[in-house]
Structure formats: structure tokens, C-alpha cells
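Residues in the sequence shown are numbered from 1 upward in steps of one, following UniProt numbering. Here a beta-carbon is modelled for each residue, glycine too, at the ideal position from N, C-alpha and C. Step one of this worksheet: look at the structure below.
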Amino acid sequence: MEAARFVPVACLVCGRPFQAQQDKLGQTVVCPWCQATTPALPIAAANIPASGISSASVPTSSAPSLLSIEGPAPAKESPGPPAASTTPRQESPSSPSPSQPSKEAAAERGGTSTSAPPPNVAATSATNSRWQVTAALLAVFLIASMTLIVLRFRQGYGISAEWRPFISPDGQVQIDLLSTPWEETDSHGVRRYWSRGWYSGAYAWIGWQELTEQQVEAARSPDARHKLDGLIQIELEQWQRRFGGNGRTATVQFTDPLIVEIKWEADNVRGLGRVVVVSQGPAPRVYYLGIAAPHLVYDSTAVRHFLDSFRYTPES
1 MEAARFVPVA CLVCGRPFQA QQDKLGQTVV CPWCQATTPA LPIAAANIPA
51 SGISSASVPT SSAPSLLSIE GPAPAKESPG PPAASTTPRQ ESPSSPSPSQ
101 PSKEAAAERG GTSTSAPPPN VAATSATNSR WQVTAALLAV FLIASMTLIV
151 LRFRQGYGIS AEWRPFISPD GQVQIDLLST PWEETDSHGV RRYWSRGWYS
201 GAYAWIGWQE LTEQQVEAAR SPDARHKLDG LIQIELEQWQ RRFGGNGRTA
251 TVQFTDPLIV EIKWEADNVR GLGRVVVVSQ GPAPRVYYLG IAAPHLVYDS
301 TAVRHFLDSF RYTPES
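Right, dumping it as C-alpha cells:
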């Protein structure tokens with residue numbers, strides 16, 4: 001069977017050259033470039049309009065070179081491009097044309113993709129996000145802490161951080177007070193040392209008075225609580241004068257030393273105090289101690305610490 005011969009022809013629509021089978025000369029064929037139907041006329045015989053051909057539309061690397069021939073000439077018997085079909089075919093809108101390479105192919109040739117940032121940029125962005133979240137949480141914590149500190153100022157909170165040891169000038173009394181105490185003496189001759197916490201606003205004090213011989217005898221009797229009620233009233237008057245409100249008493253210990261406990265309630269303060277009557281020793285005394293603050297809890301750690309820190313040493 002004789003091999004098919006191809007002849008250079010040109011499209012009358014787009015002006016681009018291509019090869020057609022020799023037996024198709026003069027017939028209508030499909031241009032492989034623009035997919036339009038055009039007569040298969042040799043290049044020398046085709047009447048190609050000057051406006052149909054432009055240097056920009058003919059690829060120099062892929063289009064066949066123009067041949068100057070006067071008539072049909074036999075082509076070399078070498079494999080050529082497939083013969084163009086005479087049946088027009090519809091190209092899918094999604095398929096790229098020969099002159100317009102696809103974006104996917106261009107992206108593959110470039111070796112880069114614009115859909116995702118480089119790994120180092122993504123890692124830096126994630127690190128920055130974590131630092132921003134941490135900084136935001138820290139700022140919220142600091143603001144909340146400062147707000148809580150301001151709202152609790154002088155409301156009876158933080159007493160445990162303000163204790164300072166106190167020893168009386170004669171060395172017989174030892175107790176923990178708040179900050180540096182100051183001395184006061186009332187009309188009954190009771191010598192008291194007052195203190196107040198700077199942040200908590202709480203009051204703590206210790207006072208004492210020497211007992212008379214009659215008070216010593218009363219303290220050693222079975223009904224000492226009733227006979228020494230006047231000493232207890234002195235402390236109740238002190239509470240009333242300092243804080244207002246009212247209180248109640250309860251005897252904690254009847255034997256020497258006699259201990260009477262006072263619980264006080266006022267508009268903006270609560271307090272707990274004790275009257276301790278010591279009849280033994282060469283210098284019997286009555287001791288007054290108390291603590292008062294807003295929102296004070298009677299069985300709190302601060303109250304227990306204050307009561308447990310009280311020590312007295314009778315004179316020898």
C-alpha cells in the first residue's frame with residue numbers, strides 16, 4: 001500500500017500553515033490551529049490575506065516553515081503529523097487550545113503553588129498567634145488580680161500577711177499584733193496597745209490592768225465570773241465606744257485564769273475578744289485582747305493565730 005503524501009497548505013481564516021494529505025487538495029479540511037473549515041490549497045496557490053498572518057500568531061518554534069513551491073511537489077516519505085480529519089470536531093470548552101497552554105501545566109513547569117504559604121511563613125504565623133494568645137490571657141489575669149486587690153482593700157482580707165510580734169515593755173506579755181502598735185490608756189487605768197493592718201484594715205490590741213486585793217479574792221472564789229463582771233463591762237464599753245454595735249459574752253474557762261469571750265457585731269465590723277483574769281503570782285492582772293475587721297470570721301485562721309499567740313509571764 002502506498003504511503004500517504006502530505007503537502008504544505010495554509011488556512012484562509014487564521015493564515016497559519018499546516019500539512020494536508022495530497023489527495024485532499026482542493027477539498028475542505030479542518031484547520032488544526034483554529035478548528036475552522038478551509039479549502040486545502042497549497043501555500044503557493046492559496047490567497048492568504050495579509051491581515052490573517054501576524055508574527056505574534058505564528059509560533060516560531062512549533063509552526064511548520066513556509067515552503068516556496070510553484071505547484072504540487074511530492075513530499076518526502078517521512079512520518080508526518082496525523083492527517084487532519086475532514087469532519088469538523090467540537091472542542092470542549094475545558095480543553096486548552098494549542099496556542100494557550102493550561103494554567104495547571106504552567107504551574108507544574110514553574111514548580112511553585114500559590115495556594116499555600118511556604119512552611120517557614122506558616123510556622124512563624126503559628127508562633128506569633130500562640131504568643132498573642134498567651135499575652136492576652138496574662139493581661140486578663142493581671143487586670144482581674146488588680147481589680148480584686150482594689151476591691152478588697154481594708155475589707156478584712158490579708159490579715160495573715162500583716163502579723164508582727166509584740167512584747168510589752170515589762171516583758172510579761174507577748175502577742176502578735178498588726179504593724180506597729182500605739183499606746184492608749186483609758187479612764188479606768190487600762191493600758192492598751194492598738195494596731196491596725198495597712199491593707200486589711202483590721203484592728204488588733206492587747207491591754208492589761210493590775211488587780212486589787214478584793215478583785216484577787218473574787219477571782220479565786222467559785223463565783224468569780226459574777227463578782228468580776230465589772231471588769232468585763234469595762235471591755236464591753238471599749239468595744240461600744242470604738243466600733244458601735246453590740247456583743248455577747250460567754251465564759252470559756254472558770255478556773256484560774258478566768259477566761260470570758262466576747263463576740264461583737266456592728267454595721268461594718270465583726271470582732272472577737274477575751275478577758276483573761278490571772279489571780280496567781282505576785283502581780284495579778286486582768287488582760288484584754290481583741291481583733292476586729294470587716295467580714296471577720298470567728299473561727300478563721302487569723303483569729304486562731306491571734307488568740308494562740310497570746311502569752312503572759314507572771315512576775316517572780
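Nearest to residue 353 (by Cα), restricted to the options L231, S221, Q215, R242: Absent from the structure is residue 353, since the part of the chain shown begins at 1 and ends at 316.
How long is the line joining the alpha carbons of D299 and V133, rounded to whole angstroms? 42 Å
For I262, which residues from the same chain have a beta carbon less than 6 Å from its beta carbon, with the 5 sequence-adjacent residues on both sides left out? G247, T249, G273
Could you tell me if P59 is buried or exposed, where buried requires 16 or more neighbouring beta carbons within 10 angstroms of its beta carbon? In this prediction, P59 scores a pLDDT of 38, lower than 50, which makes its location untrustworthy; the coordinate-derived value is nonetheless stated afterwards. It is exposed - the Cβ of P59 has fewer than 16 other Cβ atoms within 10 Å.
Contact defined as beta carbons within less than 8 Å: I believe G207 pairs with R192. What is the distance between those atoms, to the nearest angstrom? 3 Å
Assigned exposure category for A302 - 16 Cβ within 10 Å defines buried: It is buried - the Cβ of A302 has at least 16 other Cβ atoms within 10 Å.
Compare the Cα-Cα distances from W194 to each of Y157, P32, Y312, W163 and report the closest residue. W163
Just to confirm the assignment, what range does the alpha helix (DSSP H) spanning V190 have? No alpha helix (DSSP H) contains V190, which DSSP labels as neither H nor E.
What residue range is occupied by the uninterrupted alpha helix (DSSP H) comprising V13? Note, V13: premise wrong, no alpha helix (DSSP H); not H, not E.
So if DSSP puts V278 in a beta bridge, which residue, or which two residues, is it bridged to? According to DSSP, which records beta bridges pairwise, V278 is partnered with R285.
I'd like the span of the beta strand (DSSP E) that includes V29, first residue to last. 28 to 30
Give me the Cα-Cα distance between I291 and A123, rounded to the nearest whole angstrom. 59 Å
If I follow the unbroken beta strand (DSSP E) through F166, where does it start and stop? 163 to 167
Distance between V29 and G71 (C-alpha atoms, nearest Å): Its pLDDT being 44, under 50, G71 is placed unreliably in this model, and the value from its coordinates should be taken loosely. C-alpha separation (whole angstroms): 19 Å.
Exposed or buried, T38, counting other C-beta atoms within 10 Å across all chains shown (16 or more means buried)? buried
Please report the straight-line C-alpha distance between G15 and A4, rounded to a whole angstrom. 24 Å
Could you please give me the residues that DSSP links to K263 through a beta bridge? R248, L272
Under 8 Å, with one C-beta from each stretch per pair, do the segment 212 to 228 and the segment 276 to 287 reach the 3-pair mark? yes
Collapsed DSSP secondary structure at I206 in the structure displayed: strand
Check Q35 in the structure and name its three-state DSSP category. coil
D176 (DSSP reduced to helix, strand or coil): strand
Taking the straight line between their C-alpha atoms, what separation do you get for P169 and A136? 54 Å
Once the 5 residues before and after V190 are set aside, which same chain residues still bring their CB inside 6 Å of it? G207, Q209
Hey, could you find the ends of the beta strand (DSSP E) W182 is sitting in? 182 to 185
Near K24, what residues of its chain come up, given a Cβ to Cβ distance below 6 Å and the 5 sequence neighbours on each side ignored? A40
Note down the Cα distance separating W198 from R304, rounded to an integer number of angstroms. 20 Å
Checking 8 Å against the spacing of the C-beta atoms, do G156 and S200 come in under that value? Against a cut-off of 8 Å, the Cβ pair of S200 and G156 comes out as a contact.
Spell out the partners DSSP gives V7 in its beta bridges. A20
Based on the DSSP output, what are the partners of Y312 in its beta bridges? BP columns for Y312 point to V173.
Just checking my contact of Y287 with Y312 at CB under 8 Å: how many whole Å lie between their CB atoms? 6 Å
Going by CA-CA distance only, name the one from N128, I167, A144, Q215 that's closest to A283. Q215
Under 8 Å between C-beta atoms of D256 and A219: Less than 8 Å divides the Cβ of D256 from the Cβ of A219.
For a test of the three-state rule: what should DSSP assign to A144, helix, strand or coil? helix
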